[in-house]
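Chemist: Can you read through this structure? Questions will come right after.
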Amino acid sequence: MSELGKASWPSFSELRESTIVVVIGVIILGFFISVSDFSLSNWVEYITQLLRST
């Protein structure tokens, strides 16, 4: 436990800035994954319907 006292902790402003960067990154990544999932889902559905109709 004495090692915790020796650690270099970030200041409040550094912590806030890092948190904002992480939250923005998560939002962007979530948006990208959602768009990719939606696009791939529609693409697979289109291909499936195309193959069923032949």
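All the letters of the sequence shown, read from the start, carry residue numbers 858 to 911 under my numbering.
Idealized CB from N, CA, C, for every residue including glycine.
Keep in mind the model is a prediction, meaning the values are calculated, not measured.
Taking just the CA atoms, how far does S896 sit from I904?
Modeler: Cα-Cα distance, rounded: 12 Å.
Chemist: Do you know offhand how far T911's Cα is from S893's?
Modeler: One C-alpha to the other measures close to 27 Å.
Chemist: Once the 5 residues before and after S898 are set aside, which same chain residues still bring their CB inside 8 Å of it?
Modeler: Here the set comprises nothing.
Chemist: Between V883 and E860, what straight-line distance do the alpha-carbon atoms span, to the nearest angstrom?
Modeler: Near 31 Å, if we compare the C-alpha coordinates of E860 and V883.
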